[in-house]
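There are 2 protein chains.
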Amino acid sequence: MALPSVRRSVLVDDVIQRLRDEITSGRWPMGARIPTETALIAELGIARGTLREATRALIHAGLLQARQGDGTYVRATSELSGAIQRLDSELGEVLEVRQGLDAQAAGLAAARITPEALDRLDALLARRATAWRQRDRDAWILADHAFHQAVATGAGNSLLSDLYAALGPALRRSMTAHWDDHGFDGADPRGHEDLLDALRAGDAVRAARSATSNIDATGDWHGTSSPSRPGPG
Amino acid sequence: MALPSVRRSVLVDDVIQRLRDEITSGRWPMGARIPTETALIAELGIARGTLREATRALIHAGLLQARQGDGTYVRATSELSGAIQRLDSELGEVLEVRQGLDAQAAGLAAARITPEALDRLDALLARRATAWRQRDRDAWILADHAFHQAVATGAGNSLLSDLYAALGPALRRSMTAHWDDHGFDGADPRGHEDLLDALRAGDAVRAARSATSNIDATGDWHGTSSPSRPGPG
DNA sequence: AAACATAAAACGTCTGACCTTTAACGTCCA
DNA sequence: TGGACGTTAAAGGTCAGACGTTTTATGTTT
Numbered sequence: 031m032a033l034p035s036v037r038r039s040v041l042v043d044d045v046i047q048r049l050r051d052e053i054t055s056g057r058w059p060m061g062a063r064i065p066t067e068t069a070l071i072a073e074l075g076i077a078r079g080t081l082r083e084a085t086r087a088l089i090h091a092g093l094l095q096a097r098q099g100d101g102t103y104v105r106a107t108s109e110l111s112g113a114i115q116r117l118d119s120e121l122g123e124v125l126e127v128r129q130g131l132d133a134q135a136a137g138l139a140a141a142r143i144t145p146e147a148l149d150r151l152d153a154l155l156a157r158r159a160t161a162w163r164q165r166d167r168d169a170w171i172l173a174d175h176a177f178h179q180a181v182a183t184g185a186g187n188s189l190l191s192d193l194y195a196a197l198g199p200a201l202r203r204s205m206t207a208h209w210d211d212h213g214f215d216g217a218d219p220r221g222h223e224d225l226l227d228a229l230r231a232g233d234a235v236r237a238a239r240s241a242t243s244n245i246d247a248t249g250d251w252h253g254t255s256s257p258s259r260p261g262p263g
Numbered sequence: 031m032a033l034p035s036v037r038r039s040v041l042v043d044d045v046i047q048r049l050r051d052e053i054t055s056g057r058w059p060m061g062a063r064i065p066t067e068t069a070l071i072a073e074l075g076i077a078r079g080t081l082r083e084a085t086r087a088l089i090h091a092g093l094l095q096a097r098q099g100d101g102t103y104v105r106a107t108s109e110l111s112g113a114i115q116r117l118d119s120e121l122g123e124v125l126e127v128r129q130g131l132d133a134q135a136a137g138l139a140a141a142r143i144t145p146e147a148l149d150r151l152d153a154l155l156a157r158r159a160t161a162w163r164q165r166d167r168d169a170w171i172l173a174d175h176a177f178h179q180a181v182a183t184g185a186g187n188s189l190l191s192d193l194y195a196a197l198g199p200a201l202r203r204s205m206t207a208h209w210d211d212h213g214f215d216g217a218d219p220r221g222h223e224d225l226l227d228a229l230r231a232g233d234a235v236r237a238a239r240s241a242t243s244n245i246d247a248t249g250d251w252h253g254t255s256s257p258s259r260p261g262p263g
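Taken in order, these protein sequences are the chains called A and B.
Counted from 1, the first sequence has number 54 at position 24 by the numbering used here; the numbering is strictly sequential.
Counted from 1, the second sequence has number 123 at position 93 by the numbering used here; the numbering is strictly sequential.
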């Protein structure tokens with residue numbers, strides 16, 4: 031017989047899917063405490079061990095977080111972040127990937143970003159500049175990353191946006207580390223005004239070039255970056 | 031008390047880490063059947079439920095695959111692939127992300143790829159051309175993807191390479207779907223000779239441009255692609 | 001009002017049993 | 001001899017109950 035087996039689904043997988051749906055659908059929002067094991071057992075009509083296997087899978091995936099004596103909470107809505115962090119890549123590698131995504135995001139956003147998103151980018155750029163003037167490291171990193179993330183979101187590609195978000199923690203760590211090594215001298219005083227202009231003009235080529243012009247962790251093969259200062263920005 | 035709790039590690043997490051190490055270290059190679067639950071219980075000195083929670087986590091992550099009545103097998107060495115597939119992104123989105131990674135990979139590879147890798151690229155290109163002449167869809171898709179993957183690997187960035195590999199299944203599905211819609215007419219008869227030339231010359235800018243010149247699922251903002259034929263290539 | 005003791009609730013782990021599926025073995029018959 | 005078939009052992013899947021550990025809330029005391 032070559033019939034590839036009906037493969038009656040494994041109960042645990044159904045439960046995982048069920049719990050996952052509650053999270054991705056938003057019925058269990060970020061940060062919320064999900065029902066207790068006892069409650070879920072009763073509602074789903076399964077044994078505790080089966081439920082625990084399901085929740086453990088989602089905990090490992092990064093979607094849930096269990097706290098003994100307290101409860102289980104929604105920690106994320108995508109498994110990408112956890113998976114990427116488990117690779118614990120080197121900082122330079124993360125920056126290189128970010129650069130590729132940045133360029134693509136900028137190019138796509140030039141054609142798709144909405145006026146409202148452009149306004150938000152403007153505000154984020156202002157916050158970034160303020161943090162710079164005040165020499166506020168954490169605020170600057172946060173604003174810079176929020177700007178880039180907003181561009182990625184403006185690209186209208188949820189996979190791209192999710193990927194960028196998943197790289198977020200590693201990127202912030204990278205930024206902080208770089209900062210601790212070089213201080214404010216190592217960072218880029220320039221803003222992203224040029225990129226924002228390009229997005230406003232709908233100029234994809236210029237936007238893509240601008241997005242990568244002042245980040246370069248590996249040698250400046252993009253040709254437009256200043257060779258002497260390879261800093262995050 | 032503000033002491034953020036010593037948080038004595040949870041046993042299951044230790045077990046997960048232990049199993050994960052066996053996989054990533056290669057002691058349990060791809061496709062191998064891992065020891066039986068009974069054996070692992072004895073070796074680790076834990077209860078069956080605890081072990082099952084650990085294995086279930088890795089099963090959901092895509093590293094393991096359990097088959098009732100048979101055993102548990104190593105299915106992958108990275109969790110990225112499973113996480114990305116669970117997003118079930120639209121085909122166009124995957125192609126856009128691929129485009130960004132392609133450009134970055136090509137640019138980096140121009141500076142880092144080894145002569146041996148270049149030879150391999152040459153061979154893959156030949157295979158790709160042969161498949162095209164013989165109108166062998168599956169062989170063509172396989173060779174094309176292998177070429178791109180080899181470029182990504184040649185970039186000397188393991189995160190980039192892993193990401194590209196993780197997108198593989200979705201990309202192949204995308205290719206196949208595109209093919210079923212358009213047949214050989216929709217595909218790109220051009221090869222990647224220009225890209226290979228650029229890599230050989232160490233010309234990063236040309237390599238990056240060439241990598242994205244003939245893929246375009248979203249409008250040809252890269253400026254060098256022919257506007258009339260948006261096909262995978 | 002602050003500090004301490006107590007109890008309840010939630011997740012963590014263990015034990016043992018039984019079910020379902022698969023693979024391997026051995027037997028039987030053409 | 002070789003294939004078909006039935007048996008059986010082994011592996012993962014599910015259930016049930018018990019007890020441990022941690023956190024939070026409660027309530028009492030000083």
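All C-beta atoms in this analysis are idealised placements derived from N, C-alpha and C, irrespective of residue type, glycine included.
Here the structure is a predicted model, which is why all the values come from computation and not from measurement.
The beta carbons of B/L226 and B/L155 sit closer together than 8 angstroms. Boundaries cannot be given for A/G92, as no alpha helix (DSSP H) includes it and DSSP labels it neither H nor E.
Under the three-state reduction of DSSP, A/R128 is assigned to helix. Taken through DSSP and simplified to helix, strand or coil, A/R63 comes out as strand. Each residue's CA atom was taken as its position, placing A/E120 and B/R50 some 20 angstroms apart.
The beta carbon of B/A238 sits closer than 7 angstroms to those of A133, A136, G137, all from its chain and outside the five residues before and after it, given in chain order. For B/G101, the enclosing beta strand (DSSP E) covers residues 101-104.
Look at A/R203: its C-beta is not under 8 angstroms from any C-beta on chain B.
Put simply, of A/A195, A/D210, A/G61 the residue whose alpha carbon is nearest the alpha carbon of A/Q115 is A/A195. Following the DSSP letters along the chain, one finds B/I114 inside the alpha helix (DSSP H) bounded by residues 110-115.
The closest CA to that of B/L74, considering only B/D44, B/L229, B/W58, is found on B/D44. For B/V181, the closest Cβ of chain A is not nearer than 8 angstroms. Judged by their CB atoms, B/L93 and B/T102 are not nearer to each other than the 8 angstroms cut-off.
A/I76 places its beta carbon less than 8 angstroms from that of A/L41. Counting along the chain, B/V45 sits inside the alpha helix (DSSP H) bounded by residues 41-54. Excluding its 5 nearest sequence neighbours in each direction, B/A91 has C-beta neighbours in its own chain below 7 angstroms: E109, G112, listed in chain order. Chain-order list of chain B residues neighbouring A/V42: R86, by C-beta distance under 8 angstroms. Taking 8 angstroms as the threshold, the shortest C-beta distance from A/D51 to chain B does not fall below it.
Here A/I76 carries a coil assignment [DSSP, helix/strand/coil].
Within chain B, no residue has its CB atom less than 8 angstroms from the CB of A/L81, the nearest being about 11 angstroms off. In chain order, Q129, D132, A133, H252 place their CB closer than 7 angstroms to the CB of A/T242, counting only its own chain and leaving out the 5 sequence neighbours on each side.
DSSP, reduced to helix, strand and coil, places A/D224 within a helical segment of the structure shown. Among the residues facing chain B, A/V124 is included, as its CB has a counterpart in that chain under 8 angstroms away. Judged by their CB atoms, A/R105 and B/A87 are not nearer to each other than the 8 angstroms cut-off. Inclusion of A/A139 and A/G79 in the CB contact set at 8 angstroms is not warranted, their separation being larger than that value. In the DSSP annotation of this structure, the continuous segment of the alpha helix (DSSP H) that includes A/W162 starts and ends at 145-163. Of all residues in the stretch 96-110 of chain B, those with a C-beta nearer than 9 angstroms to a C-beta of chain A are A96, Q98, S108, E109, L110, reading in chain order.
Residue-level contact check: B/I71 does not touch chain A, since none of the beta carbons of chain A fall below 8 angstroms from its beta carbon. Residues of chain A whose Cβ lies closer than 7 angstroms to the Cβ of B/R116 are, in chain order, E109.
Sequence-ordered contacts of the stretch 129-142 of chain A with chain B read Q129, G130, L131, A133, Q134, A135, G137, L138, A140, A141 [C-beta pairs closer than 8 angstroms]. For a cut-off of 8 angstroms, the C-beta gap from B/L148 to B/H175 is around 18 angstroms, too long to register as a contact. Counting the other Cβ atoms within 10 Å of the Cβ of A/E223 gives fewer than 16, which makes it exposed.
Membership of A/R57 in any alpha helix (DSSP H) is not indicated, and neither H nor E is assigned to it by DSSP. A residue is called buried when at least 16 other Cβ atoms come within 10 angstroms of its Cβ; A/T107 meets this threshold and is buried. Close to B/V45, with beta-carbon spacing below 9 angstroms, lies no residue of chain A; the smallest spacing is near 10 angstroms.
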